[in-house]
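Every position in the sequence shown, counted from 1, becomes a number in my numbering once 152 is added.
The beta carbon of each residue, even a glycine, is placed where N, CA and C say it ideally should be.
Here the structure is a predicted model, which is why all the values come from computation and not from measurement.
Encoded as structure tokens, the structure appears first; notes follow it.
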Amino acid sequence: MNPVPEFSGGCQCGAVRFHVRGALPDRSVCHCRMCQKAFGAYYAPLVSVRGADFQWTRGEPRRFQSSNHFRRGFCADCGTPLTYEGEDGMAVAAGAFDQPERLPPTVQYGTESKLPFVDQLGALEVILQEDDPDAERLRTLVSHQHPDHDTPRWPR
153 MNPVPEFSGG CQCGAVRFHV RGALPDRSVC HCRMCQKAFG AYYAPLVSVR GADFQWTRGE
213 PRRFQSSNHF RRGFCADCGT PLTYEGEDGM AVAAGAFDQP ERLPPTVQYG TESKLPFVDQ
273 LGALEVILQE DDPDAERLRT LVSHQHPDHD TPRWPR
């Protein structure tokens, strides 16, 4: 018998957390301009939670009606983009999951708005954190970000 997959995640500050139980086969990257603006990025990685058992376990996102058909959820405290919501269901920002590596994208949408350099990102020079020109300061960095797992309360 196969166990039902479970996932958790939340925003950067920990004010909003969620839990999902069930398969999440619909995982996408959207290149439309609205998603670019909503995520402040070149594209939006999203995971549909339609058909899964989804619950907010701490707090709930604030929402912005980004169009007549869709609204976007985000953490009101830290600004982390969290959801894309429409009449047919909700998708959650892939990077908000505690283990985003478990949810690789399977399809791309809005490619007519794809920025021309996106396909070449993998060919860019790679600089490891320890080789970063600012490595000394990075070594002393103390993160205030919520850890990638559930906690009884936050902040501590």
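> Grouping DSSP H, G and I as helix and E and B as strand, with all else coil, what is M186?
Replying inline: Walking along the sequence shown from the start, residue 186 turns up at place 34. M186 falls in the helix class under three-state DSSP.
> Using a Cβ-Cβ cut-off of 6 angstroms (strictly less than) and excluding sequence neighbours within five positions of C187, which residues of its own chain qualify?
Replying inline: In the sequence shown, residue 187 corresponds to position 35, counting from 1. Cβ neighbours of C187 beyond the five flanking positions: A196.
> Which one of G203, P307, G166, Y236 has the shortest CA to CA distance from S219?
Replying inline: If you number the sequence shown from 1, residue 219 lands on position 67. Looking at the Cα atoms, Y236 is the closest of the given residues.
>> Based on DSSP bridge pairs, tell me the residues matched to L198.
In response: Sequence index remark: in the sequence shown, residue 198 carries index 46 (1-based). S180, A245.
> If we ignore side chains and look at the alpha-carbon of each, how far apart do P304 and T209 end up?
Replying inline: Against the sequence shown, residue 304 aligns to sequence position 152. Against the sequence shown, residue 209 aligns to sequence position 57. In a straight line, the C-alpha of P304 is about 10 angstroms away from that of T209.
> With a CB to CB cut of under 7 angstroms and the five nearest residues on each side skipped, what residues in its chain are close to V259?
Replying inline: The sequence position of residue 259 within the sequence shown is 107, counting from 1. Once the five neighbours on either side are set aside, the close Cβ partners of V259 are S180.
>> Between the alpha carbons of L290 and E158, how many angstroms are there, rounded?
In response: In the sequence shown, the residue the question calls residue 290 occupies position 138. In the sequence shown, the residue the question calls residue 158 occupies position 6. Looking at the two C-alpha atoms, the distance is approximately 33 angstroms.
> Does DSSP classify G192 as helix, strand or coil?
Replying inline: Within the sequence shown, the letter at position 40 stands for residue 192. Three-state DSSP puts G192 in coil, outside helix and strand.
> Just checking my contact of R223 with R215 at CB under 8 angstroms: how many whole Å lie between their CB atoms?
Replying inline: Sequence index remark: in the sequence shown, residue 223 carries index 71 (1-based). Sequence index remark: in the sequence shown, residue 215 carries index 63 (1-based). Yes, they are in contact, since the Cβ atoms of R223 and R215 sit about 5 angstroms apart, within 8 angstroms.
> Using the beta-carbon count (16 or more within 10 Å), is Q269 buried or exposed?
Replying inline: Here residue 269 refers to the residue found at position 117 of the sequence shown. A small fix is needed here, since residue 269 is Phe in this sequence, not Gln. F269 counts as exposed, since fewer than 16 other beta carbons sit within 10 angstroms of its beta carbon.
> Taking C227 as the reference, which of V199, A190, A204 has the closest Cα?
Replying inline: Here residue 227 is taken as the residue at index 75 of the sequence shown, counted from 1. It is A190 whose Cα lies nearest to the Cα of C227.
> What is the DSSP secondary structure of Q281, reduced to helix, strand or coil?
Replying inline: Locating residue 281 in the sequence shown gives position 129, where the first residue counts as 1. DSSP places Q281 within a helical segment (H, G or I) once states are collapsed to three.
> DSSP three-state call for R215: helix, strand or coil?
Replying inline: Within the sequence shown, the letter at position 63 stands for residue 215. Of the three classes helix, strand and coil, the one that applies to R215 here is strand, per DSSP.
> Which term fits G238, buried or exposed, when burial requires 16 or more other beta carbons within 10 angstroms of its beta carbon?
Replying inline: Here the question's residue 238 lines up with position 86 in the sequence shown. Around the beta-carbon of G238, fewer than 16 other beta-carbon atoms lie within 10 Å, marking it exposed.
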